[in-house]
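Taking this note's numbering, the leading residue of the sequence shown gets 328, the next gets one more, and so forth. For glycine and all other residues, C-beta sits at the position ideal for the given N, C-alpha and C.
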Amino acid sequence: MPAFAGMWALMMTAMMLPSVAPVALRYARMVVRPKRVRIAAFVAGYVGVWAASALPAYGLMALGDQAESAGPPFATAAASAILAACGAYQLTPLKDRCLTVCRSPLGWLLRYAGWHGRLRDLRAGAHHGGYCLACCWALMALMAVFGAMSLVAMVALMGIVAIEKLAPAGERVARGCGVVALGLAVAVWWLPGLAPGLHPPEMMM
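What follows is the structure in C-alpha cells.
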C-alpha cells in the first residue's frame with residue numbers, strides 16, 4: 328500500500344499539473360512574500376488531497392483484480408459498472424458545480440488570499456484540491472478499466488481533464504465524455520477488449 332500511495336501521488340500530480348498550474352500562478356499574484364514558500368504550501372495541500380485518494384483507488388484496483396481473477400464475466404461486469412458510474416457522474420449537477428469552480432477559481436482565490444494563519448496556504452491548496460478531486464474522481468476511476476499502468480490511458484485522461492478545465496467548451500466535453508462512458512458501459516459486454524485493464528490480452532485468448 329505505501330508503494331502504491333507514492334506511485335499514485337506521483338501519477339496524479341503529473342496528470343493534474345497542466346490544469347492546476349494556472350491556478351497556482353494566479354494565487355502567486357495574490358499573496359505577499361515569501362511567495363515561493365507560500366506557493367509550495369499551496370501545491371503541497373493540493374497534492375496531499377490527491378495522495379489521500381490513493382486509499383479508495385487502491386480498494387478499487389483490488390476489487391478489479393478480484394473480478395479479473397474470477398473470470399471474464401465478472402471482469403466485464405466490473406468494467407461496465409465503473410464505466411456506468413463514471414458516465415452517470417459526469418452528467419450530475421455536482422460535477423457541473425465542481426467543474427465550474429475549477430474552470431473559474433478567481434472567486435475562491437480571492438477568499439484564499441484573505442485567509443489567515445500559518446497553514447492558510449496549505450488549507451487553500453487542500454480546499455482547491457478537494458474541488459478538483461470531486462470534479463475528476465470519476466475520470467480517474469477509469470484507470471482501473473483501461474489499465475492503471477497504461478501510459479496511453481494516463482495521457483488521454485490527462486488531456487480530457489485539461490480540456491474540461493481550460494477549454495472554452497469544457498463543460499460540453501465533460502458531458503460528452505459522460506455519454507461516451509455510458510455507451511462503453513453497454514458496448515463492453517460485446518467487446519470486452521474495450522476494458523484492457525480488466526481484460527488483459529491473455530484473458531481474451
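*If we ignore side chains and look at the alpha-carbon of each, how far apart do residue 516 and residue 403 end up?*
Residue 516 and residue 403: Cα-Cα distance of roughly 6 Å.
*With distances taken between CB atoms, is the gap from residue 481 to residue 338 smaller than 8 Å?*
Yes, the pair counts as a contact, with Cβ atoms nearer than the cut-off.
*For residue 515, the three-state DSSP class (helix, strand or coil)*: Here residue 515 sits in coil by DSSP.
*Give the secondary structure of residue 419 by DSSP, where H, G and I count as helix, E and B as strand, and everything else as coil.*
If DSSP states are grouped into helix, strand and coil, residue 419 belongs with coil.
*If we ignore side chains and look at the alpha-carbon of each, how far apart do residue 501 and residue 456 end up?*
In a straight line, the C-alpha of residue 501 is about 18 Å away from that of residue 456.
*From this set, 334, 489, 486 and 518, which residue's C-alpha is nearest residue 378's C-alpha?*
Of the listed residues, the one whose Cα sits closest to residue 378 is 334.
*With distances taken between CB atoms, is the gap from residue 422 to residue 459 smaller than 8 Å?*
Between residue 422 and residue 459, the C-beta spacing is not below 8 Å.
*asked:* Please report the straight-line C-alpha distance between residue 521 and residue 510, rounded to a whole angstrom.
replied: Taking the straight line joining both Cα atoms gives about 11 Å.
*With distances taken Cα to Cα, identify the nearest neighbour of residue 344 among 499, 498 and 488.*
The shortest C-alpha separation from residue 344 is found at 488.
_4-residue-minimum alpha helix (DSSP H) runs that sit fully inside the segment 431 to 482, ordered along the chain_ = Within the segment 431 to 482, the complete alpha helix (DSSP H) segments at least 4 residues long are 433 to 440, 447 to 468 and 470 to 473, listed from N- to C-terminus.
*What alpha helix (DSSP H) runs, 4 residues minimum, are completely inside the segment 340 to 420?*
Runs of the alpha helix (DSSP H) inside the segment 340 to 420: 362 to 379, 381 to 397 and 399 to 417.
_Quick check on DSSP: helix, strand or coil for residue 335?_
Here residue 335 sits in helix by DSSP.
*Are the beta-carbon atoms belonging to residue 452 and residue 369 less than 8 Å from one another?*
Closer than 8 Å, so yes.
*asked:* Can you list, in chain order, the residues of its chain with a C-beta nearer than 8 Å to that of residue 415? Leave out the 5 residues immediately preceding and following it.
replied: Around residue 415: 505 and 509.
_Length of the line joining the Cα atoms of residue 435 and residue 342_ = Using only the alpha carbons, I get a separation of about 22 Å.
*Beta-carbon separation (whole angstroms), residue 525 vs residue 405, contact threshold 8 Å*: Yes, they are in contact, since the Cβ atoms of residue 525 and residue 405 sit about 6 Å apart, within 8 Å.
*Assign residue 525 to one of three DSSP states: helix, strand, or coil.*
Residue 525 falls in the coil class under three-state DSSP.
*Give the DSSP-derived three-state secondary structure of residue 495 in the structure shown.*
Here residue 495 sits in coil by DSSP.
_Sequence-distant residues of the same chain with beta carbon closer than 6 Å to residue 428, five excluded per side_ = The answer, listed in chain order, is 458.
*Supposed contact pair residue 497 and residue 430 - C-beta distance, whole angstroms, cut 8 Å*: Taking 8 Å as the upper bound for CB-CB distance, residue 430 and residue 497 are in contact here, some 6 Å apart.
*Taking the alpha-carbon positions, what's the residue 467 to residue 363 distance?*
It is roughly 29 Å from the alpha-carbon of residue 467 to the alpha-carbon of residue 363.
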